[in-house]
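Structure, as structure tokens:
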Amino acid sequence: MHGLEWRPGKGLFAVQVEWTEAAKSAIQADEYRYISPVFTYAPKTGEVISLYNAALTNVPALDGMESAVAHSLQPADDALKEMSAQLEALKASILCKDEAHESLKRRIEADEVERIVDGYVGTGKLCPAERDAALTLARHDITAVQKILDARPSFFVMQSDECNTAHHAGAHGKYPANLNPDDVRICELTGRSPEEFAALKVKYSTDDNPFHI
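Numbers in our numbering are just positions in the sequence shown, counted from 1, shifted up by 34.
Structure follows, in structure tokens:
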């Protein structure tokens with residue numbers, strides 16, 4: 035017995051008790067259920083003067099002694115088991131939060147990659163037909179995909195104002211009448227004059243020509 039502890043409403047308790055192996059076995063087998071202290075006290079007042087020792091017994095000299103002394107052997111084990119269970123629950127909770135965080139991070143990254151790739155489609159640096167392949171590559175290395183597409187010219191889009199301008203110009207004689215806005219855009223990309231392209235279009239427009247335009 036390494037110390038005493040006063041517990042309000044209950045009394046004086048021994049703490050940090052070390053039982054012999056024989057005592058542990060007897061307590062666990064319910065051969066002894068109480069302890070009986072040996073102490074001196076003042077006869078007139080009943081005040082305890084000194085405590086000499088305490089021994090295992092089945093007939094304690096004092097009233098109100100708590101039974102089941104064996105419980106004093108188990109709190110450490112029970113507390114350890116409870117603490118272990120709490121730690122496991124806490125660990126599971128942390129892992130769950132980590133998984134949720136990683137899942138959210140992956141969704142945000144996927145959304146950002148898709149936004150970047152769609153931006154290249156919108157600026158004409160990426161053909162819509164190439165979008166899925168670009169997304170697959172971008173999910174592995176978005177930096178490399180950006181480097182490639184940033185160096186590309188905007189081939190694959192004609193803004194609405196350009197279409198309107200080309201259509202208006204064709205209707206008013208600036209371009210040959212048989213050219214549509216897409217034809218005008220092809221002329222700009224290939225360097226052919228509208229007149230040259232219009233002539234080629236007429237040349238290859240016969241039904242029996244395999245290169246029918």
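Just so it is clear, CB atoms sit at the ideal spot from N, CA and C, and this is done for glycine as well.
Cβ of residue i within 8 Å of Cβ of residue j?
i	j	result
Glu148	Leu169	yes
Ile69	Ala76	no
Pro210	Glu222	no
Val236	Asn212	yes
Ile150	Gln180	yes
Phe231	Asp217	yes
Phe73	Leu90	no
Glu39	Val51	no
Thr224	Ser188	no
Tyr66	Asn87	no
Would you identify the three-state DSSP class for residue i, choosing helix, strand or coil?
i	result
Glu146	helix
Ala119	helix
Pro71	strand
Val82	strand
Lys228	Checking the sequence shown, residue 228 turns out to be Pro, not Lys. It is helical.
Asp217	helix
Ala63	coil
Glu222	helix
Glu55	helix
Ser127	helix
Val236	helix
With which residues is residue i paired in a DSSP beta bridge?
i	result
Glu39	Phe47
Asn87	Val72
Is residue i buried or exposed, if buried means 16 or more other CB atoms sit within 10 Å of its CB?
i	result
Ile61	buried
Tyr238	exposed
Leu46	exposed
Ala56	exposed
Lys58	exposed
Leu234	exposed
Lys24	The question about residue 24 has no answer here: the residues shown for the chain are numbered 35 through 247.
Thr172	Here residue 172 is Ala; the residue named in the question, Thr, does not match the sequence. By the neighbour-count rule (16 or more Cβ atoms within 10 Å), Ala172 is buried.
Leu114	exposed
Mind pulling the alpha helix (DSSP H) runs of 4 or more residues that sit fully within the stretch 132-185? 165-174, 176-184
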